[in-house]
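Visitor:
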RNA sequence: GGUGAGGUUCCCGAGUGGCCAAAGGGAUCAGACUGUAAAUCUGACGCGCGAGCUUCGGUGGUUCGAAUCCACCCCUCACCA
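Numbering (our numbering), first residue to last: 1 to 431.
(1) Specify, as a first and last residue, the run of the alpha helix (DSSP H) that residue 265 falls within.
(2) How long is the line joining the alpha carbons of residue 146 and residue 86, rounded to whole angstroms?
(3) On the DSSP bridge assignment, give the partners of residue 434 in chain order.
(4) Once the 5 residues before and after residue 66 are set aside, which same chain residues still bring their CB inside 6 Å of it?
(5) With residue 318 as the anchor, note down where its alpha helix (DSSP H) starts and where it stops.
(6) Run through the DSSP bridge pairs and tell me what residue 66 is partnered with.
(7) Here's a check: name, in chain order, each residue in its chain whose Cβ is nearer than 6 Å to the Cβ of residue 369, leaving out the five neighbours to either side.
(8) List the residues that DSSP assigns as beta-bridge partners of residue 479.
(9) Of the residues 257, 364 and 217, which one's Cα is nearest the Cα of residue 317?
(10) Considering residue 124, what are the terminal residues of the beta strand (DSSP E) in which it resides?
(11) Short check: CB of residue 319 to CB of residue 252, under 8 Å?
(12) Span of the beta strand (DSSP E) holding residue 182?
(13) Just curious, the beta strand (DSSP E) that residue 389 is in, first and last residue?
(14) Please report the straight-line C-alpha distance between residue 50 and residue 344, rounded to a whole angstrom.
(15) Buried or exposed: residue 105, going by 16 or more other Cβ atoms within 10 Å of its Cβ?
(16) With DSSP as the reference, please indicate the residues paired to residue 237 in a beta bridge.
(17) Please say whether residue 223 and residue 26 have beta carbons closer to each other than 8 Å?
(18) Provide the residue(s) that pair with residue 290 in DSSP beta bridges, ordered along the chain.
(19) So, with DSSP's three-state summary, where would you put residue 249?
(20) So does residue 175 have its beta carbon nearer than 7 Å to some heavy atom of the ligand HEM?
(21) Decide if residue 2 is buried, meaning its Cβ has at least 16 other Cβ atoms within 10 Å, or exposed.
(22) Is it buried or exposed, residue 290, if we count other Cβ atoms within 10 angstroms and call 16 or more buried?
(23) Where does residue 111 fall in DSSP's three states?
(24) How about residue 421 and residue 358: do their beta carbons lie closer than 8 Å?
(25) Between residue 5 and residue 63, how many whole angstroms is the CB-CB distance? I'm expecting something under 8 Å.
(26) Run through DSSP, which three-state label would residue 145 get?
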């Protein structure tokens with residue numbers, strides 16, 4: 001049973017590295033194991049990059065293993081230098097502890113705590129590092145780490161070699177803290193496996209060594225690959241920044257749209273990474289898409305599956321409602337209630353203040369609304385007839401005519417204006 | 001503490017007295033072509049509808065004129081102590 005889990009992960013391309021495959025396979029087959037994955041509070045929400053290891057935890061739990069989500073209340077105060085180009089700015093303890101709570105609850109929504117034989121645990125490494133004494137740390141932990149080995153790690157090499165960069169002792173010590181976590185979880189909960197992103201390999205290995213030296217325990221590590229896109233650009237970023245799991249930071253609609261825009265070259269890989277659809281079914285989808293003309297179905301399936309996973313059925317429904325209304329090109333069928341709902345569902349919207357419309361150019365109006373980062377981009381769009389208000393195109397000449405455009409008689413239901421800039425950016429104005 | 005090298009518009013990186021809102025590349029945005037994809041081509045890319053306004057670590061100074069010269073300061077890195 002457990003052996004098939006590793007095989008499935010492998011088939012999905014979810015394994016970047018692992019410690020001795022045969023022994024790990026054997027270990028998993030021998031019974032249910034306790035495993036952990038750490039999430040550092042580097043912001044007030046997790047983002048897409050965290051989703052893959054988080055879902056792998058879920059995959060393990062579904063197979064009967066016991067997952068521990070470790071929130072890095074301590075490590076978050078230090079900052080992981082692994083493969084980071086520059087030293088990080090330290091955050092204050094207040095901020096970090098606030099983030100810890102948010103991350104804790106986010107992580108929790110993907111794991112089962114009740115009604116199963118292997119309930120998940122959420123831990124915080126501040127619990128065992130917060131009160132630690134410096135001398136204890138240096139004697140009991142530091143003694144087990146070789147600076148030679150640490151310096152030779154690939155994850156810090158580029159920092160050491162790079163001109164204009166460097167690494168502080170603080171960040172250099174990060175690996176020790178993470179190593180301590182593994183050893184501690186091994187003692188407390190019998191945790192024998194750590195998973196993480198492939199950038200965590202060095203840190204994980206450090207923890208394996210420490211567990212062996214301190215506890216005489218054999219423990220294992222497994223990393224998931226770094227998610228890359230076929231075109232070489234960074235995954236998980238949009239023009240608005242990172243794609244967050246928190247619906248208050250990235251609305252379910254935007255989240256859904258992010259996945260809809262996945263390139264063909266990536267979409268099947270992402271189906272394997274981000275959904276629980278069986279690998280065979282994904283191959284089936286790929287075969288069907290190859291045979292059909294035009295638009296593949298994979299993006300829609302991916303968007304649906306992941307949105308449901310992160311935002312639930314209600315979030316998915318809302319996202320699809322907006323998507324259908326905006327991209328069908330036919331908004332005439334929208335009822336007054338539909339318009340009200342769109343704003344609630346996460347379509348960006350704002351109220352027109354009316355008073356200064358005569359004075360305000362469209363460029364200002366639309367860039368303030370968030371349709372573009374500056375007036376220049378709006379102007380560019382106007383020049384190309386790429387600005388539509390309730391389906392009507394406007395040009396540069398109309399820039400100063402906001403008062404004539406946004407009148408009550410031209411509004412849908414005397415209240416609503418659906419503004420579109422370019423092909424994908426929508427905004428709802430209300431009178 | 002000493003010595004050396006640096007800090008340029010989102011990033012990388014040119015620019016060493018006027019021709020500089022500042023080369024080039026990347027990222028990003030828009031248009032064409034498409035399928036809300038990729039690739040390609042076109043345009044935009046400090047702010048401003050515009051006249052114009054504000055930038056090149058900071059503060060002062062030299063000059064008709066400074067990202068460029070001078071002084072002091074701040075910060076980063078490397079090597080040495």
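Virtual Cβ for every residue (Gly too), placed ideally from N, Cα, C.
Guide: This is what the structure holds:
(1) Counted from its first residue, the first chain places residue 265 at position 265. 264-274 is the span of the alpha helix (DSSP H), which, as asked, contains residue 265.
(2) Numbered from its first residue, the first chain carries residue 146 at position 146. Numbered from its first residue, the first chain carries residue 86 at position 86. C-alpha separation (whole angstroms): 23 Å.
(3) One cannot answer for residue 434 here, as it falls past the ends of the chain, which runs 1 to 431.
(4) Numbered from 1 along the first chain, position 66 holds the residue referred to as residue 66. Correct list, in chain order: 34 and 118.
(5) Residue numbering aside, residue 318 sits at position 318 when the first chain is read from its first letter. 298-327 is the extent of the alpha helix (DSSP H) around residue 318.
(6) Taking the first residue of the first chain as position 1, residue 66 is located at position 66. DSSP, once it has assigned bridges, lists 34 as partnering residue 66.
(7) Taking the first residue of the first chain as position 1, residue 369 is located at position 369. Excluding positions up to five away in sequence, the list reads 350 and 427.
(8) Residue coverage of the chain in this structure runs from 1 to 431, which leaves residue 479 outside it and unanswerable.
(9) Taking the first chain and counting its residues from 1, the one referred to as residue 317 is at position 317. Closest option to residue 317, Cα to Cα, is 257.
(10) Along the first chain, one-based indexing puts residue 124 at 124. Start and end: 121-124.
(11) Counting from 1 along the first chain, the entry for residue 319 is found at position 319. Counting from 1 along the first chain, the entry for residue 252 is found at position 252. Cβ distance < 8 Å, so residue 319 and residue 252 count as in contact.
(12) In the first chain, counting from the first residue as 1, residue 182 sits at position 182. Premise fails: residue 182 lies in the alpha helix (DSSP H), 174-189, not in any beta strand (DSSP E).
(13) Here the question's residue 389 lines up with position 389 in the first chain. Per DSSP, residue 389 belongs to the beta strand (DSSP E) from 387-389.
(14) Looking up residue 50 in the first chain gives position 50. Looking up residue 344 in the first chain gives position 344. Cα-Cα distance, rounded: 27 Å.
(15) By one-based count along the first chain, residue 105 stands at place 105. By the 10 Å Cβ count, residue 105 comes out exposed.
(16) Taking the first chain and counting its residues from 1, the one referred to as residue 237 is at position 237. The partner list for residue 237 (beta bridge, DSSP) reads 242.
(17) The residue you call residue 26 lines up with position 26 of the first chain. The residue you call residue 223 lines up with position 223 of the first chain. In this structure, residue 223 does not lie closer than 8 Å to residue 26 by Cβ.
(18) Counting from 1 along the first chain, the entry for residue 290 is found at position 290. Paired residue(s): none; residue 290 is not in a bridge.
(19) Taking the first residue of the first chain as position 1, residue 249 is located at position 249. Residue 249 falls in the coil class under three-state DSSP.
(20) As far as ligands go, the structure on display features none, and thus does not contain the ligand HEM.
(21) Counting from 1 along the first chain, the entry for residue 2 is found at position 2. In this prediction, residue 2 scores a pLDDT of 42, lower than 50, which makes its location untrustworthy; the coordinate-derived value is nonetheless stated afterwards. With 16 or more other Cβ atoms within 10 Å, it is buried.
(22) As a working mapping, residue 290 is identified with position 290 in the first chain. That one is exposed.
(23) Numbered from its first residue, the first chain carries residue 111 at position 111. Coil.
(24) Translated into positions along the first chain, residue 421 becomes position 421. Translated into positions along the first chain, residue 358 becomes position 358. Not in contact: residue 421 and residue 358 (Cβ atoms no closer than 8 Å).
(25) Residue numbering aside, residue 5 sits at position 5 when the first chain is read from its first letter. Residue numbering aside, residue 63 sits at position 63 when the first chain is read from its first letter. Between residue 63 and residue 5 the Cβ distance is about 5 Å, and since that is below 8 Å, they are a contact.
(26) The residue labelled residue 145 in the question sits at position 145 within the first chain. Reduced to three states, the DSSP call for residue 145 is coil.
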